[in-house]
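Numbering (the numbering used here), first residue to last: 4 to 150. For each residue, glycine too, the CB sits at the ideal point set by N, CA and C. Reviewing the structure listed below.
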């Protein structure tokens with residue numbers, strides 16, 4: 004019985020210590036890279052609540068496909084991102100649709116599917132942590148992580 008009490012007290016102390024951890028929000032001046040360097044591949048942006056590729060995004064994807072054709076040993080992970088508006092579940096699904104839209108377009112340009120993967124970060128890794136239209140527009144993106 005005494006051992007049980009000691010274990011319970013130890014568990015309580017450990018759980019209390021875990022709750023006292025401090026976290027710090029990342030601000031615009033922190034300059035901390037949140038995802039891998041895309042190298043020469045450029046990010047594309049999306050309209051609010053959309054996974055449709057506009058003309059600008061298609062031009063960027065053509066340039067990205069050309070680089071991938073010249074660097075056939077490289078792989079790329081397409082990361083879908085969203086702004087903070089909407090539920091976590093909705094934004095994860097939207098980020099996935101955005102990443103898949105870019106991957107499908109790259110595939111139509113001749114990039115092999117086996118060289119690409121997708122992941123959705125939803126709203127979890129904002130490029131700009133501010134809470135305004137400009138920040139939200141920057142955060143609605145696909146990032147290309149060259150591997």
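Residue closest to residue i, alpha-carbon to alpha-carbon, out of the options
i, options, result
"residue 145", "128, 133 and 136", "128"
"residue 55", "126, 91 and 107", "107"
"residue 87", "148, 147, 5 and 134", "134"
"residue 57", "104, 147 and 116", "104"
"residue 65", "43, 112 and 89", "112"
Cβ shell of residue i (< 6 Å), same chain only, five flanking positions each side left out
i, result
"residue 3", "This structure cannot settle anything about residue 3, because the visible part of the chain is limited to 4 through 150."
"residue 118", "78"
"residue 141", "130 and 131"
"residue 114", "68 and 71"
"residue 137", "none"
"residue 139", "86"
"residue 120", "80"
"residue 43", "70"
Bounding residues of the beta strand (DSSP E) (the contiguous stretch that carries residue i)
i, result
"residue 144", "144 to 149"
Contacting residues, own chain, Cβ-Cβ under 8 Å from residue i (five flanking each side not counted)
i, result
"residue 150", "39, 77, 78, 79 and 80"
"residue 89", "52, 97 and 126"
Own chain, CB closer than 7 Å to residue i, minus 5 neighbours either side, in chain order
i, result
"residue 125", "85, 91, 94, 95 and 98"
"residue 123", "83, 95, 98, 99 and 102"
"residue 53", "none"
"residue 5", "none"
"residue 116", "110"
Test item: CB-CB of residue i and residue j under 8 Å
i, j, result
"residue 74", "residue 60", "no"
"residue 143", "residue 51", "yes"
- Query: Which parts of the segment 72 to 140 are runs of the alpha helix (DSSP H), unbroken and 4 residues or longer, counting only runs that do not cross its ends?
  - Reply: 91 to 111
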